[in-house]
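Note sheet for the following structure.
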Amino acid sequence: MRAITIPEFGDESVLTLAEVPDPPVAEGEVLVDVAAAGVNRADLMQRQGFYPPPKGASELPGLEVSGRIAEVGDGVTGWSIGDEVCAVLAGGGYAERVAVPAGQLLPIPSGVSLVEAAGLPEVACTVWSNIVMTARFTGGDTVLLHGGSSGIGTMAIQVVKALGGRVAVTAGSAEKLERCRQLGADILINYREQDFVEEIKAATDGRGADIILDVIGAKYLSRNVSALASDGRLVIIGLQGGREGELNIGELLAKRGSVIATSLRGRDLADKARIVSQVRERLWPLIASGAVRPVIDQTLPLADAAEAHRILNASQHIGKVLLTV
Numbered sequence: 000m001r002a003i004t005i006p007e008f009g010d011e012s013v014l015t016l017a018e019v020p021d022p023p024v025a026e027g028e029v030l031v032d033v034a035a036a037g038v039n040r041a042d043l044m045q046r047q048g049f050y051p052p053p054k055g056a057s058e059l060p061g062l063e064v065s066g067r068i069a070e071v072g073d074g075v076t077g078w079s080i081g082d083e084v085c086a087v088l089a090g091g092g093y094a095e096r097v098a099v100p101a102g103q104l105l106p107i108p109s110g111v112s113l114v115e116a117a118g119l120p121e122v123a124c125t126v127w128s129n130i131v132m133t134a135r136f137t138g139g140d141t142v143l144l145h146g147g148s149s150g151i152g153t154m155a156i157q158v159v160k161a162l163g164g165r166v167a168v169t170a171g172s173a174e175k176l177e178r179c180r181q182l183g184a185d186i187l188i189n190y191r192e193q194d195f196v197e198e199i200k201a202a203t204d205g206r207g208a209d210i211i212l213d214v215i216g217a218k219y220l221s222r223n224v225s226a227l228a229s230d231g232r233l234v235i236i237g238l239q240g241g242r243e244g245e246l247n248i249g250e251l252l253a254k255r256g257s258v259i260a261t262s263l264r265g266r267d268l269a270d271k272a273r274i275v276s277q278v279r280e281r282l283w284p285l286i287a288s289g290a291v292r293p294v295i296d297q298t299l300p301l302a303d304a305a306e307a308h309r310i311l312n313a314s315q316h317i318g319k320v321l322l323t324v
């Protein structure tokens with residue numbers, strides 16, 4: 000099959016379209032003929048050598064795909080050859096075929112095209128597992144999303160609004176903030192011109208955010224704690240602003256706050272299956288109803304993976320960038 004490989008670590012130019020062996024299908028897995036793959040910042044980190052795949056996972060980049068089942072492995076029930084699916088992966092998505100543990104498969108939601116569905120699994124599982132399952136979202140919570148116009152951000156805005164919450168977002172341009180507003184964001188903060196701590200406090204009568212979903216990491220750590228409400232939960236899922244920061248434990252204690260760091264890729268199969276099951280049961284009906292929709296910035300051919308990485312690196316996109324096979 001054809002796939003995007005990473006012969007050496009480096010900039011976008013190292014991404015190479017090559018012929019590689021088809022993936023073997025183990026017990027409990029299915030083989031998917033890929034229609035499209037989502038592009039994520041984790042892929043950029045892997046390309047640079049900063050985010051290796053978990054042990055036993057494919058060395059090829061790509062954490063989510065959509066496509067059709069081509070083969071069903073031993074022990075798999077509930078899925079058949081020809082079923083249209085999307086899936087969250089530990090790797091291997093930038094390819095014509097990928098082997099997927101059955102517990103990580105999802106049906107294509109009603110009203111979503113096969114290609115569009117490639118932009119759902121990673122962000123849906125990330126948003127649901129972190130905001131609902133980990134941060135214990137309840138209706139009425141105010142949720143601050145850093146990177147509101149990103150793939151994760153555009154999904155999170157819609158999910159929080161659909162569940163009855165209030166959404167604050169940070170983004171770096173008026174265009175991105177306007178798109179966030181159209182998706183349902185209530186509080187719009189231009190991080191280039193405004194202090195998000197002051198803005199979230201002003202918009203909540205001094206209370207702050209009940210939940211903060213953060214992709215920045217160290218650079219925002221102290222300010223995120225300041226922006227938390229009492230009993231607030233800060234969930235860190237990215238390190239775009241660095242790995243090491245200073246934490247004011249006294250301020251955190253005074254607020255009875257929580258700082259949680261999580262990732263999806265390295266979870267074991269049972270944990271991923273648990274998340275996927277909840278997403279299918281509770282989030283997929285919101286997508287089918289139209290309350291939540293995939294936001295696709297653009298699609299490119301698989302051979303243009305390098306250009307897709309440049310687009311993400313420039314942060315000019317809104318929503319997801321997809322590669323079509």
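Per numbering that gives the first Met the number 0, the very first residue in the sequence shown carries number 0; after that it's consecutive.
Cβ atoms here follow ideal geometry from the backbone N, Cα and C, with glycine treated the same way.
Source: prediction; values computed, not measured.
In whole angstroms, what is the alpha-carbon distance linking Met132 and Pro100?
22 Å
Simplified DSSP state of Pro20, which is helix, strand or coil
coil
Among all the DSSP beta bridges, which residues are the ones paired with Val84?
Gly66, Pro106
When the distance is taken between beta carbons, is Asp194 closer than 9 Å to Arg222?
yes
Rounded to whole angstroms, what is the Cα-Cα separation between Val31 and Gly147?
31 Å
Would you grab the beta carbon distance between Gly216 and Gly241 for me? Rounded to a whole angstrom, and I think it's under 8 Å.
6 Å
Applying the 10 Å Cβ sphere with the 16-neighbour rule, what's the burial state of Pro22?
buried
CB Ile235 to CB Ala134, shorter than 9 Å?
no
Looking at the secondary structure, which residues open and close the beta strand (DSSP E) in which Ile317 lies?
That residue, Ile317, is in no beta strand (DSSP E); it is neither H nor E in DSSP.
Compute the Euclidean distance between the alpha carbons of Ser276 and Val75, then round it to the nearest angstrom.
16 Å
Taking all protein chains shown into account, decide if Gln45 is buried (16 or more other Cβ within 10 angstroms of its Cβ) or exposed.
buried
Counting C-beta neighbours from all protein chains within 10 Å, is the total for Gln103 16 or more, i.e. buried, or is it exposed?
buried
With a threshold of 6 Å on Cβ separation, who are the neighbours of Gly163 within its own chain once the five nearest residues in sequence on each side are excluded?
Gly138
Bridge partners - Asn189, DSSP secondary structure assignment:
Ala170
Which ranges would you report for the alpha helix (DSSP H) in the stretch 221-285 if only whole runs of at least 4 residues count?
248-254, 268-277
I'd like to confirm the pairing. Which residues does DSSP put opposite Glu28 in its beta bridges?
Pro100
Reduced DSSP category for Thr4 - H, G, I as helix; E, B as strand; rest coil
strand
Gly72: which of Glu26, Val33, Pro108, Gly61 sits nearest, CA to CA?
Glu26
Tell me the DSSP bridge mates of His145?
Thr169
Return the CA-CA distance between Ser79 and Ala69, expressed in angstroms with no decimal places.
8 Å
Suppose the cutoff is 7 Å on Cβ atoms and the five residues either side in sequence are ignored; what does the same chain contact list for Val24 look like?
Leu30, Glu70, Gly72, Ala98
If distances are taken between C-alpha atoms only, which option among Lys271, Glu245, Glu63 comes closest to Lys319?
Glu63
Roughly how many whole angstroms lie between the Cα atoms of Val324 and Pro106?
19 Å
So, using beta-carbon positions, are Gly61 and Ala34 closer together than 9 Å?
no
Shortest alpha-carbon distance to Leu220 belongs to which of Gln239, Asp204, Ala202, Ser229?
Gln239
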